[in-house]
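Chains as they are written, first to last, in the numbering used here: chain F, 39 to 279; chain S, 39 to 279. Notes to accompany the following structure.
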DNA sequence: TAGTGGTCTAGACCACCGT
DNA sequence: CGGTGGTCTAGACCACTAA
């Protein structure tokens with residue numbers, strides 16, 4: 039009585055490619071084998087490999103570059119960074135990358151709520167980071183980040199301060215964990231004392247509260263993040279299509 | 039010295055299909071001709087038509103249904119309605135469709151800012167609507183909507199009140215204008231007196247301010263909308279992928 | 001110029017839907 | 001059952017990149 043799950047060939051190839059990506063057979067930024075090579079490897083036609091790669095390209099796991107090859111997507115690229123930070127200045131200028139100031143990085147036991155979101159047991163090791171994102175030297179976003187402690191064992195305050203690029207790029211290159219997608223829930227809230235102090239606004243000021251859960255291959259959640267956004271001169275941009 | 043714009047066949051077919059949609063050759067909800075018929079009509083192979091339809095399907099202009107045909111997307115469908123209202127109850131239940139209570143519907147001259155967003159001249163005829171969206175009888179969203187008066191000539195308060203479905207469905211069936219995509223800018227603001235009164239909250243309460251510009255075929259903007267969202271028990275959901 | 005991805009075709013066959 | 005979209009193939013050729 040179970041539903042027969044028909045899976046087309048290109049879908050199976052797609053899944054095998056994802057497994058290879060997950061296993062680190064090709065690293066972020068590197069090229070994967072050519073379509074013809076992959077077709078030979080899997081014993082299918084080039085067209086079928088092509089359709090599999092099309093799917094992964096649409097999912098932003100791979101990036102095609104005509105005449106050069108197909109590459110593993112990376113958070114080092116500007117495009118990936120924009121995808122994961124939707125805040126833009128009101129004056130529509132180039133979305134300059136913010137600089138981050140780390141306020142705290144501690145290892146402790148995961149509270150129940152965090153543990154549940156990360157699919158681990160309450161009390162398991164976790165890392166928490168607090169940081170401030172500054173645009174043109176002005177603090178705009180306060181963030182509190184939670185990661186599973188086991189997979190990010192060497193993540194310390196020194197490591198964070200020694201690095202200047204986007205956080206996801208560091209997690210990707212240093213810890214082999216690539217954030218694939220995230221879902222966010224937005225609310226308007228009044229600034230509490232801590233948020234107000236960090237962002238330099240009055241207590242009670244309206245802030246945009248952004249709760250995010252990010253996941254890696256196989257939709258496994260590996261980060262929980264709460265951000266307080268000051269939206270006086272910035273806005274959260276979203277495209278409905 | 040101009041860049042040569044190479045346009046593949048499937049892209050040209052895509053554009054011709056869009057023109058047919060725009061001209062109303064097939065109405066929302068109706069089936070378009072089969073791939074084989076279209077291939078014959080345009081003198082290309084079925085595979086090329088297929089790729090064109092794939093693109094339009096990804097853009098949510100068409101909907102494929104295996105074994106039945108390919109249909110013109112419509113705002114009557116539940117899927118379209120969800121795409122254009124990202125507010126969900128916190129308790130993750132089924133996103134019930136809100137009921138809307140119309141507060142006002144007036145015809146007047148477009149203010150400068152509205153005119154610019156709608157690509158018309160300041161002073162041109164416009165329609166403005168104010169309404170309240172209620173979830174389970176509770177007012178959650180206050181909206182102020184602006185439309186070009188010329189294309190929505192028969193839009194009146196009576197017409198709105200006589201209709202119960204989603205607004206875009208009415209605009210689509212009664213006025214032949216289909217909203218294709220929209221871009222939104224979100225901010226956190228303090229409730230002014232008018233918003234507070236309409237939503238039944240205290241003045242100064244944090245609200246999620248959502249500014250939207252929607253467009254129809256050819257990215258022509260045809261609606262400007264400002265919404266004040268009460269996010270005590272609801273949140274704006276967004277998927278980063 | 002060699003190698004990559006991108007396009008286009010023709011044809012065979014499969015999965016699904018309604019009658 | 002006939003008609004629709006969905007898959008897969010093999011092969012030819014085009015567009016782009018780098019050396």
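Note that beta-carbon positions come from the ideal geometry of N, C-alpha and C, so glycine has one too.
Neighbour flag for residue i against chain F, beta carbons, 8 Å
i             : result
residue 181/S : no
residue 57/S  : no
residue 199/S : no
residue 127/S : no
residue 244/S : yes
residue 274/S : yes
residue 278/S : yes
residue 97/S  : yes
residue 232/S : no
residue 122/S : yes
residue 222/S : yes
residue 264/S : no
residue 147/S : no
Exposure label - residue i; buried when at least 16 CB within 10 Å
i             : result
residue 277/F : exposed
residue 150/F : exposed
residue 74/F  : exposed
residue 72/S  : exposed
residue 138/S : buried
residue 90/S  : buried
residue 212/F : exposed
residue 46/F  : exposed
residue 241/S : exposed
residue 134/F : exposed
Which of helix, strand or coil DSSP assigns to residue i
i             : result
residue 175/S : coil
residue 201/F : coil
residue 210/S : helix
residue 271/F : coil
residue 86/F  : helix
residue 249/F : strand
residue 222/S : strand
residue 58/F  : helix
residue 195/S : helix
residue 237/F : helix
residue 76/F  : helix
residue 95/F  : helix
residue 39/F  : Summary for residue 39/F: the model assigns pLDDT 45, below 50, so the residue's position carries little reliability, and this model does not support an answer.
residue 125/F : strand
residue 52/F  : helix
residue 148/S : coil
residue 160/S : coil
Cutoff 8 Å: residue i Cβ touching any chain S Cβ
i             : result
residue 219/F : yes
residue 87/F  : no
residue 309/F : Nothing can be reported for residue 309/F, as the shown portion of chain F is limited to 39 through 279.
residue 157/F : no
residue 210/F : no
residue 260/F : no
residue 228/F : yes
residue 173/F : no
residue 237/F : no
residue 280/F : Summary: the structure shown does not reach residue 280/F, with chain F confined to residues 39 through 279, and so no result is reported for it.
residue 43/F  : no
residue 151/F : no
residue 225/F : yes
Bridge-paired residues (DSSP) for residue i
i             : result
residue 230/F : Beta-bridge pairing links residue 230/F to no other residue.
residue 263/S : 183/S, 250/S
residue 142/F : 168/F
residue 244/F : 228/F
residue 276/F : 222/S
residue 107/S : 103/S
residue 69/S  : 109/S
residue 137/S : 172/S
Distance between beta carbons of residue j and residue i, contact taken as under 8 Å
i             : j             : result
residue 107/S : residue 145/S : Actually they do not touch by this definition, with Cβ atoms about 40 Å apart.
residue 210/F : residue 273/F : With 8 Å as the limit, residue 210/F and residue 273/F do not qualify as a contact, their Cβ atoms being about 28 Å apart.
residue 268/F : residue 222/F : Not really, about 17 Å apart at Cβ, beyond 8 Å.
residue 87/F  : residue 100/F : No, residue 87/F and residue 100/F are not in contact; Cβ-Cβ is about 12 Å, not under 8 Å.
residue 266/S : residue 180/S : 5 Å
residue 224/F : residue 246/S : 7 Å
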